[in-house]
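S.K.:
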Amino acid sequence: MAQGKRSQRVAVLIKEELSSVLTKYIRDPRIGFITVTHVEVSDDLKYAKVFYSARGNQEKKDEAQIGLENAKGYLRRDIAHAIKLRCTPELTFVNDPSLDEGLKIDVILQKIHKEQ
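The sequence shown runs contiguously to residue 116 in full-length UniProt numbering.
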């Protein structure tokens with residue numbers, strides 16, 4: 001999604017609001033260790049793709065996805081109250097593997113450093 005200036009600003013606001021709500025108000029144990037890494041909003045502000053990272057094995061990540069899907073209505077309603085827009089974006093959640101990949105690279109670099 002190519003983003004204009006306004007959609008980028010809205011994406012930052014959505015990321016901040018979701019991060020806050022997920023840590024403070026959502027009590028679902030499946031969503032316990034989720035970090036919102038990035039948000040992309042369409043130029044018409046109708047769709048938001050939320051990238052998140054979840055800790056744990058694949059089973060935990062699948063449970064986190066289900067938990068987010070179940071909380072989607074609550075999260076969207078919270079965004080509507082926090083950010084005054086004509087239309088609140090429809091949320092789509094995508095698991096972002098970049099943190100896991102970064103940890104794997106870090107482990108490899110530490111092994112190389114120990115060998116030297």
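Glycine included, every Cβ here is placed at the ideal spot set by N, Cα and C.
Can you tell me which of the three DSSP states TYR74 falls into?
M.R.: Here residue 74 refers to the residue found at position 74 of the sequence shown. Here TYR74 sits in helix by DSSP.
S.K.: What is the DSSP secondary structure of LEU85, reduced to helix, strand or coil?
M.R.: One-based indexing of the sequence shown puts residue 85 at position 85. DSSP places LEU85 in coil when its eight states are reduced to three.
S.K.: Near THR35, which residues of its chain fall below 6 Å by C-beta distance, leaving aside the five closest residues on each side in sequence?
M.R.: Here the question's residue 35 lines up with position 35 in the sequence shown. Only SER53 meet the Cβ criterion.
S.K.: What would DSSP say about ILE66, mapped onto helix, strand or coil?
M.R.: Sequence index remark: in the sequence shown, residue 66 carries index 66 (1-based). Three-state DSSP puts ILE66 in a helix.
S.K.: Can you give me the C-alpha to C-alpha distance between LEU45 and LYS104, rounded to a whole angstrom?
M.R.: Sequence index remark: in the sequence shown, residue 45 carries index 45 (1-based). Sequence index remark: in the sequence shown, residue 104 carries index 104 (1-based). So the alpha carbons of these two residues sit roughly 35 Å apart.
S.K.: Checking 8 Å against the spacing of the C-beta atoms, do ALA82 and GLU17 come in under that value?
M.R.: The residue you call residue 82 lines up with position 82 of the sequence shown. The residue you call residue 17 lines up with position 17 of the sequence shown. Going by C-beta atoms, ALA82 is nearer than 8 Å to GLU17.
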